[in-house]
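Which chain is which? The protein sequence lines are A and B, in order. All residue numbers for the first sequence refer to this note's numbering, where the first residue is 19 and numbers rise by one. All residue numbers for the second sequence refer to this note's numbering, where the first residue is 19 and numbers rise by one. This report concerns only the one structure given below.
Number of protein chains: 2
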Amino acid sequence: MNYKTPKCSCEQCQLKNLFFSHVSEDELFDICDIKEERTYTKGQRILNEGDPIDDFLYMKEGLVKLSKSSGEQKDQIISFSKPFDFVSLLSVFSSKVHMYSVTALEDSTVCVLDLNVVKNKAQENAMFTMDMMVRISEATDKIIIENLIIRRKQLKGRVAHVLLYFANYIYERDEFELPISRREIAEYIGMTTENVIRTLSEFRKDNIIKIFGKDILIVDKSRLESISEFG
Amino acid sequence: MNYKTPKCSCEQCQLKNLFFSHVSEDELFDICDIKEERTYTKGQRILNEGDPIDDFLYMKEGLVKLSKSSGEQKDQIISFSKPFDFVSLLSVFSSKVHMYSVTALEDSTVCVLDLNVVKNKAQENAMFTMDMMVRISEATDKIIIENLIIRRKQLKGRVAHVLLYFANYIYERDEFELPISRREIAEYIGMTTENVIRTLSEFRKDNIIKIFGKDILIVDKSRLESISEFG
DNA sequence: AGAGCCTTATGATAATTATCACTATCTAAT
DNA sequence: ATTAGATAGTGATAATTATCATAAGGCTCT
């Protein structure tokens, strides 16, 4: 067993406002009564592509990647989820099995609801379902648009984009520890590991970033933005 | 005015079963009472990126493309919608404006519901909302996965994939008229027009397909499938 | 019919990216 | 500590794709 199961009291849980604004106190109790939290350490697999979907998961703490393996051992990273994102988001209402694998990139805590309870609630409370639908379509829209953005850049622009993505969107700081390997960057932007490494080295030589292993410091952000936009 | 507005009787409309299986006859009447159909000729723009979202649209007849223009004049095609697909699908519940443009590739008929009526219905009928959510997440999943598939192929594989996509998924025949130009194929698969043309010529020279302008005949389908899969 | 514009087409060349080969560094496990 | 295996890093070369140039064919508009 690789997770702990402390019950948390939803009355004081900030997640309540984010997810269940149209759920009454009574309903909330039903939902939270069956809620558990699971914590995963960096690198642990949370869900496997193809696993049956039994739970409804959302991020409480940490960072995870959603990925899909294509044939042999080539993985593609689809997106990253941070606190308050749904994890089993994409297929949870339209598929019997998970379409993606989910892996912890940092020590992460996931809140787990029984999917059937959520589904039942969704069938009787339309406002709840509406909220859910809005959040799902926002999240999938973001994935689709992020993909479009990456695809129209070339190597340097893509690498620059990823650095800015972590700096601006995930960490909100210009100095951070990369939560993923060079290979995973490559899997996210659709380039080879070698070229990702080469590009990072080039940014370093051009004094755009400083690199200490996985620690990145963005020195010249406007330059990086310009590369991201124009190549 | 570039559309006709014949009311149609929903009692006998096959769309009823597809979209509104959890809506009562009375509710159906409310919805259909405000329904109109719009027809567009090949090439006509149905929606513009950035337009405010007032309607809820779905395909009754024809074929459309969803696209996004990135800066200058470079377009990216996101997906194609055929009958019974939602058109204003992606952003309709999560954005005030359309995130994509929609253009008719063939003469097309679109059913138009007032978005507020649909939203009101969604807020009071949870089963209806559930149905909608399932359909939305199915459709967006399909877009995301199709993108992943395309991105891991190279030029020849991508072109082969597109041909098979139209043959298998859109027309269900091995002989069909391409609904899009070579340039649009390029915008869909993220390659240049010249290389798309070159690749098609190469397939023709290798007796994999026959080309008469926009008319395509797939001669050696297993070969095309092999190229799509392995390059 | 002819002018202008877009699409299709093909070739030559340049740019970009992948592959292969080899080291170095780091991490986990004994 | 020491080895094994993954990750990071660099260079040379090959493969892939883009760019530029140029031309033929279609289409629309007058």
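All residues carry an ideal CB built from backbone N, CA and C; glycine is no exception. It should be emphasised that the depicted structure is a prediction, and the values quoted were computed from it without experimental measurement.
List the residues of chain A whose Cβ lies closer than 8 Å to the Cβ of B:V105, in chain order. Identification of chain A residues near B:V105 by a Cβ-Cβ cut-off of 8 Å yields none; the smallest Cβ-Cβ distance measures about 14 Å.
Discussion item. Output needed in chain order: residues of the region 173–201 of chain B with a Cβ under 9 Å from some Cβ in chain A.
Written reply: Taking a C-beta cut-off of 9 Å against chain A, none of the residues of the region 173–201 of chain B qualify.
*asked:* Which complete alpha helix (DSSP H) runs does the region 41–88 of chain A hold, if anything under 4 residues is left out?
replied: Correct list: 43–51.
Nearest to A:S240 by CA position, among A:T57, A:R216, A:N225, is which residue? If you compare the alpha carbons of A:T57, A:R216, A:N225 with that of A:S240, the shortest gap goes to A:N225.
Quiz prompt | Cβ of B:M77 within 9 Å of any chain A Cβ | solution = So no, B:M77 is outside the interface.
* Pick from A:N66, A:M151, A:D159, A:D93 that is closest to A:Y114, judged by C-alpha positions -> A small correction: the amino acid at residue 114 of chain A is Lys; Tyr does not occupy that position in the sequence shown. Considering only alpha carbons, the answer is A:N66.
Note to self: I need the DSSP call for B:E156, collapsed to helix, strand or coil.
What the structure shows: If DSSP states are grouped into helix, strand and coil, B:E156 belongs with the helices.
ask   = If the cut is a Cβ gap below 7 Å, which residues of chain B does A:A140 touch?
value = Per Cβ cutoff of 7 Å: A144, M148.
Between the alpha carbons of A:V152 and B:K232, how many angstroms are there, rounded?
Going by the C-alpha atoms only, they are around 40 Å apart.
Quiz item: Just the Cα atoms here: how many angstroms apart are B:L182 and A:I154?
Solution: Between B:L182 and A:I154, the C-alpha separation is close to 30 Å.
#### Entry: Reduced DSSP secondary structure (H/G/I, E/B, other) of A:V180
Look at A:V180 here: in three-state DSSP terms it is helix.
**Through-space distance from B:E124 to A:P197, alpha-carbon basis** = Cα to Cα, A:P197 sits roughly 46 Å from B:E124.
ask   = Just the Cα atoms here: how many angstroms apart are B:E54 and B:S219?
value = Spanning the two alpha carbons is a distance of roughly 44 Å.
Exercise. Looking at C-alpha atoms only, which residue of B:S112, B:H40, B:F111, B:C129 is the closest neighbour of B:I64?
Worked result: If we check each option's Cα against that of B:I64, B:C129 comes out closest.
Q) Who are the neighbours of A:E243 on chain B, taking C-beta pairs under 9 Å? A) For a Cβ distance threshold of 9 Å, nothing in chain B lies close to A:E243: the least Cβ distance comes to about 15 Å.
Terminal residues of the continuous beta strand (DSSP E) containing B:V130? Start and end: 126–132.
Beta-bridge partners of A:A122, as assigned by DSSP: Answer is A:V82, bridged to A:A122.
Pairs of beta-carbons, one from the region 81–94 of chain A and one from the region 168–181 of chain B, closer than 8 Å: are there three or more? Cβ pair count under 8 Å is three or more, so yes.
Exercise. Buried or exposed: which applies to B:I235, given that a residue is buried once 16 or more other Cβ atoms fall within 10 Å of its Cβ?
Worked result: Checking the sequence shown, residue 235 of chain B turns out to be Leu, not Ile. By the neighbour-count rule (16 or more Cβ atoms within 10 Å), B:L235 is not buried but exposed.
Practice task
Quick one: give me the first and last residue of the alpha helix (DSSP H) that B:F221 is part of.
Solution key: Per DSSP, B:F221 is one residue of the alpha helix (DSSP H) stretching across 211–223.
Buried or exposed (CB count within 10 angstroms, at least 16 for buried), B:D210
The question names Asp, but residue 210 of chain B is Thr in the sequence shown. Counting the other Cβ atoms within 10 Å of the Cβ of B:T210 gives fewer than 16, which makes it exposed.
Q. B:S99: which of B:I163, B:K92, B:L75 sits nearest, CA to CA?
A. Nearest of B:I163, B:K92, B:L75 to B:S99, Cα basis: B:L75.
| task | For A:Q62, decide whether its Cβ has a neighbour in chain B, counting only Cβ atoms nearer than 9 Å. | result | By this cut-off, A:Q62 is not an interface position.
Query raised in the report: Under the criterion of a Cβ to heavy atom distance below 8 Å, does B:R241 qualify as lining the ligand SAM?
Result: Summarising the ligand content, the structure contains no ligands, and the ligand SAM is consequently not present.
- prompt: What are the residues of the region 81–104 of chain B that lie near chain A, defined by any Cβ-Cβ distance shorter than 8 Å?
  reply: Answer set for the region 81–104 of chain B: K86, S88, K92, Q94, I96.
Discussion item. Tell me the residue span of the alpha helix (DSSP H) that contains A:I207.
Written reply: Element bounds for A:I207: 200–207.
Could you say if the region 141–151 of chain A and the region 183–191 of chain A meet the contact criterion of at least three C-beta pairs nearer than 8 Å? As far as the Cβ criterion goes, the region 141–151 of chain A does not touch the region 183–191 of chain A, which means the pair count is below three.
Tell whether a beta-carbon distance below 9 Å holds between A:L242 and A:I229. Cβ atoms of A:L242 and A:I229: not closer than 9 Å.
### Query
What residues from chain A crowd round B:F111, counting only those whose CB sits closer than 7 Å?
Close to B:F111, with beta-carbon spacing below 7 Å, are these residues of chain A in chain order: M151, V152, S155.
Item to complete: Provide the residue span of the alpha helix (DSSP H) that contains A:I245, from first to last.
Response: Start and end: 239–248.
*asked:* Given a cut-off of 9 Å on the beta-carbon distance, is the pair B:L95 and B:L107 in contact?
replied: In the sequence under discussion, the amino acid at residue 95 of chain B is Ile, which differs from the Leu named in the question. No, Cβ-Cβ distance for B:I95 and B:L107 is not below 9 Å.
message = Is it buried or exposed, A:G175, if we count other Cβ atoms within 10 angstroms and call 16 or more buried?
response = A:G175 is buried by the Cβ-count criterion.
Separation of B:F111 from A:K160, as counted between CA atoms: In a straight line, the C-alpha of A:K160 is about 14 Å away from that of B:F111.
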